[in-house]
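In the working numbering, the protein residues as written are 876 to 1360. Built from N, CA and C at the ideal position, the CB exists for glycine as well. Accompanying notes for the structure given below.
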Amino acid sequence: EVIAVDALARFMRLDGYDVRFQTGMDEHGQKIEQTARKLDIAPQALVDKVAAQFRALYDGLGISYDDFIRTTEPRHKTGAQEFWRRMSKDDIYLDKYSGWYSVRDEAYFDESELTQGEGGQKLAPSGAPVEWVEEESYFFRLSAYQDRLLELYEDNPGFIQPDSRRNEIVSFVKSGLRDLSISRTTFSWGVPVPDAPKHVMYVWVDALSNYITALGYPEPQGEMTRWPADIHIIGKDITRFHAIYWPAFLMSAKLALPKRVFGHGFIYNRGEKMSKSVGNVIAPQDLIATYGLDPIRYFLLREVAFGQDGNISHEALVQRMNSDLANGLGNLAQRVLSFINKNAGAVVPTPGALLPADEALLKAAQDLLPALRKEYAEQAFHRALDLIWQVIAASDRYVDEFAPWTLRKTDPARMNTVLYVLTQVIRQLATLVQPVMPASSAKLLDQLAVPKDKRDFAGLATPLAPGTALPAPQGVFPRFVEPAA
RNA sequence: CGCGGAGUAGAGCAGCCCGGUAGCUCGUCAGGCUCAUAACCUGGAGGUCGCGAGUUCGAAUCUCGCCUCCGCACCCA
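This is the structure in structure tokens:
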């Protein structure tokens, strides 16, 4: 889920890291070529259209990517060809390939994997028709990498995450690796193999190399100095390619390996897999229009244990919106800020001596950042958010315990101290929630009069200055009310 | 067939690796408060932890068998 990657990237940026967040799309392959022919348009025109849709989607989701690479770009093609050349010559050899091929799956299947369809038609496990294909092909000596890959997994338990994915990959590799066909002659929509014009690269050599071609590979200077990547976040269905083929290719080309491959789960609609044929696909654009972008982002990161599959439903979404956002964070900010606005001169209050309870709440808020670093480092976004919300609950209890509306009459100085503590805490919370909800947290920080250049995590070290004028507060997270049926 | 995951209060989940009063969120019921977006706080009710057997002084937690659902296959990214 790109949103998760985005939140991670934003978190690291706010924490002072120089982040490069790149995404892109694979635009080659026989499937594209065929689809384009069916539509009677050029393949390039087809992928241009799709790419535009993707960019629009990402922009709509507020994705803060630094680069969006398409495999049809010249920079990718030349880079991919160079990558091919630099893979060890011992690893690439020419041979004949024959087997049952499914165009739809872009994969060959073993005889034993096929099922018998109607009229004797052989079908791939996916139900897609297969055809007997015999062609000249370049092969990659993947079999030679089995031990080195297992060693890699062994020495770096965190290389494939989550663990369940790792186990799958390890047992797959242990069961034996076969050499990989890495070129095709049956279609031409792809990157030509260097010095073998009849061949185009098989989709994965081509597509996987995007991670480095986007960095300017083979140019060793510039962005390429950032390689290796700290993490590849991918759909769990393509974990195999990223955790087996890609490291093997990189080893062959004598490049460093990414430090982690994270195969994330899928989002289900009410427990059902989204599928066009079932007609239960939820368009992100519709969700944003109905609920707003930040609530969606929050929901997806909070509700789903990242890495596992998750569910989305109107009911669950509304519940999160109303209880966590409107009643939780939103209400806390609103009750405190509007009280200050009405009863404490609309400025950051000046505190007196702090009581243990004050210290405790401030400490709880300050302790969040290191705790969040740990969770983000493990891509445990749901736990990170849970921690933040524990402090919100503690803050609500604190408000009730010290009841500023009573102190207003009995002890104004103490009231100011309480309100001061709360503004500091809310500021912490708003700052820490930025990676997940950039727009809403910005509004919150506006209301706390935090300068735009003081909103990163380093800025948290500087408390809000007492006496700073605060604007009139406005609700940031509206309750979701069912439209009248 | 095989490999993998899951079955715990009305709902969604944690706990299970490292056995010992079954926990969280939401909902629900009662009480409190009134600063706030009918919100917030406190307390209660609600579970034979899929089924059966075994190990053990003791099992949601370990072992074996069985049942059910799901993924590894479409789609989507």
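The C-beta distance from G1033 to R1135 rounds to 6 Å, short enough to fall under 8 Å. Rounded to the nearest angstrom, the gap between the Cα atoms of D1161 and A931 is 13 Å.
Below 8 Å, enough C-beta pairs join the region 918 to 931 and the region 942 to 950 to call them touching: three or more. Under the Cβ criterion (8 Å, minimum of three pairs), the region 962 to 971 counts as touching the region 1119 to 1139. Considering only N1085, W1280 and A911, the residue with the shortest C-alpha distance to M900 is N1085. A check of alpha carbon separations from E1276 across L1339, A1232 and Q1303 identifies A1232 as the nearest.
With 16 or more neighbouring CB atoms inside 10 Å of its own CB, G1185 falls in the buried class. D1022 is not bridged by DSSP to any residue.
In the structure shown, the three-state DSSP call for E1011 is strand.
H1139 and A926 have their C-alpha atoms roughly 22 Å apart. Contiguous alpha helix (DSSP H) elements confined to the region 1044 to 1105 occur at 1078 to 1083 and 1085 to 1088, taking only those with 4 or more residues. For A1333, same chain residues with a beta-carbon under 7 Å away, outside a window of 5 residues either side, are G891 in chain order. Bridge pairing for A1344: V1222 [DSSP]. Excluding sequence positions up to five before and after L1090, its CB lies within less than 7 Å of the CB of E1098, M1099, R1101 and W1102, all in the same chain and listed in chain order.
In the DSSP assignment, N1202 is bridged to no other residue.
Counting other Cβ atoms within 10 Å of its Cβ, I1171 reaches 16 or more and is therefore classed as buried. Rounded to the nearest angstrom, the gap between the Cα atoms of P949 and W1064 is 14 Å. The region 1038 to 1052 and the region 1016 to 1027 touch, with three or more beta-carbon pairs separated by less than 8 Å. Within the region 1281 to 1309, the complete alpha helix (DSSP H) segments of 4 residues or longer fall at 1287 to 1307, listed in chain order. V1274 places its beta carbon less than 8 Å from that of R1210. Taking the Cα positions, P1037 is about 13 Å away from D1112. Burial state of V1325 is buried, judged by a 10 Å Cβ sphere holding 16 or more other Cβ atoms. Under DSSP, R945 takes part in a beta bridge, and its partners are M900. When the alpha-carbon of V1080 is set against those of S1198, S1188 and G954, the nearest one is in G954.
The beta carbons of I1267 and G1203 sit closer together than 8 Å.
Between L1236 and S1270, the beta carbon gap of about 7 Å places them in contact (Cβ cut-off 8 Å). In the assembly as shown, G935 is an exposed residue. Its beta-carbon has fewer than 16 other beta-carbons within 10 Å. The continuous alpha helix (DSSP H) containing F1174 extends over residues L1168 to E1178. Distance from the Cα of G937 is smallest, within the candidate group G1350, V877 and K1249, for V877. Of R1289, Y1092 and G1205, the smallest CA-CA separation from L1229 is found for R1289. With 16 or more other Cβ atoms inside 10 Å of its own Cβ, I1215 counts as buried. In the DSSP assignment, K971 forms a beta bridge with E1011. Counting only the Cα atoms, F886 lies some 21 Å from F1352.
Contact between A1191 and E1178 holds, since their C-beta atoms are separated by about 6 Å, short of 8 Å. For L914, same chain residues with a beta-carbon under 7 Å away, outside a window of 5 residues either side, are L921 in chain order.
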